[in-house]
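Each residue of the sequence shown is one higher than the last, beginning at 142 in the working numbering. Worksheet: one structure, shown below.
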Amino acid sequence: MKLRENDICFGFLILRLMVGIVFFMAGLFKLLDYMTIVGYFQSSFAETWLPAFLVTIFAYVLPFAETILGILIFFGLLTRPALYLAGLLLVVLNFGLIVRGDGGDAKSNIPYLIIIALDIILLNYNKYSLDHLLFGMSADFED
Numbered sequence: 142m143k144l145r146e147n148d149i150c151f152g153f154l155i156l157r158l159m160v161g162i163v164f165f166m167a168g169l170f171k172l173l174d175y176m177t178i179v180g181y182f183q184s185s186f187a188e189t190w191l192p193a194f195l196v197t198i199f200a201y202v203l204p205f206a207e208t209i210l211g212i213l214i215f216f217g218l219l220t221r222p223a224l225y226l227a228g229l230l231l232v233v234l235n236f237g238l239i240v241r242g243d244g245g246d247a248k249s250n251i252p253y254l255i256i257i258a259l260d261i262i263l264l265n266y267n268k269y270s271l272d273h274l275l276f277g278m279s280a281d282f283e284d
C-alpha cells in the first residue's frame with residue numbers, strides 16, 4: 142500500500158505539534174520559576190568539571206530557547222532552523238546530564254531526539270505550516 146502525500150503531511154504535522162508542545166511547556170514551566178531553575182542548574186553542576194559560567198549562561202538561556210523554539214516548531218515557522226536548534230539543544234542538555242551522572246534522565250530524551258531527527262528527514266512534507274502559508278513552500282525542496 143502506497144502512502145499518500147497528504148497522509149505523510151498529516152503525520153509530519155502530528156510529530157511537529159508534539160515536539161512544539163513539549164518544548165514550549167518545558168520552557169514555560171522553567172520561566173514560571175526562573176530564578177529557582179537557574180539556582181538548581183548552578184548547584185546541581187557545582188561538583189562537575191563543567192565551567193560554572195557556562196552552566197549559568199545555559200541556565201539563563203534554556204527557558205527562553207525552549208519556549209521560543211516550541212512556538213516556532215508548533216506553528217511551523219522557520220521550521221528547519223528551529224528543529225536543528227532544538228536537536229542541538231537536546232544534545233547539549235543530554236551531555237550535561239551525563240556529565241552530572243544522570244544518564245537515566247538523558248535516556249528519557251532519546252525519543253524526542255529521534256522524533257526531531259524524523260521531523261528533519263520529513264521536512265519536505267511540512268505542508269500544514271506557516272512556512273507553507275507565508276512562503277509558499279513546505280521546506281527547501283531539492284531535486
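From the three backbone atoms N, C-alpha and C, an ideal C-beta is built for every residue, glycine too. A quick note: this is a predicted structure, and the numbers were derived from the prediction, not measured.
- One thing to note: Ala200 has its Cβ no nearer than 9 Å to the Cβ of Ile214.
- Rounded to whole angstroms, Phe194 and Ala223 show a C-alpha spacing of 25 Å.
- In this chain, the alpha helix (DSSP H) harbouring Ser184 covers 175-185.
- Along the length of the segment 213-241, whole alpha helix (DSSP H) runs at least 4 residues long occupy 220-241, reported in chain order.
- For the 9 Å CB-CB criterion, Phe216 and Leu271 form a contact.
- Taking the Cα of Pro204 as reference, the smallest distance to any Cα among Asp243, Arg157, Tyr175, Ile262 is reached at Tyr175.
- Val233 and Leu275 have their C-alpha atoms roughly 32 Å apart.
- In the structure shown, the three-state DSSP call for Asn250 is coil.
- Spatial neighbours of Ile239 in its own chain (CB-CB distance under 6 Å, excluding positions within 5 residues in sequence) are listed in chain order as Ala247.
- Its Cα nearest to that of Thr189, the residue Asp243 stands out among Tyr269, Asp243, Ile262, Ala258.
- Shown here, Glu207 sits in a helix according to DSSP, grouped into three states.
- Asp243 carries a coil assignment under DSSP once its states are collapsed to helix, strand and coil.
- Judged by DSSP secondary structure, Leu275 falls within the alpha helix (DSSP H) whose first and last residues are 271-276.
- Nearest to Asn267 by C-alpha distance, out of Arg145, Gly152, Ser249, is Gly152.
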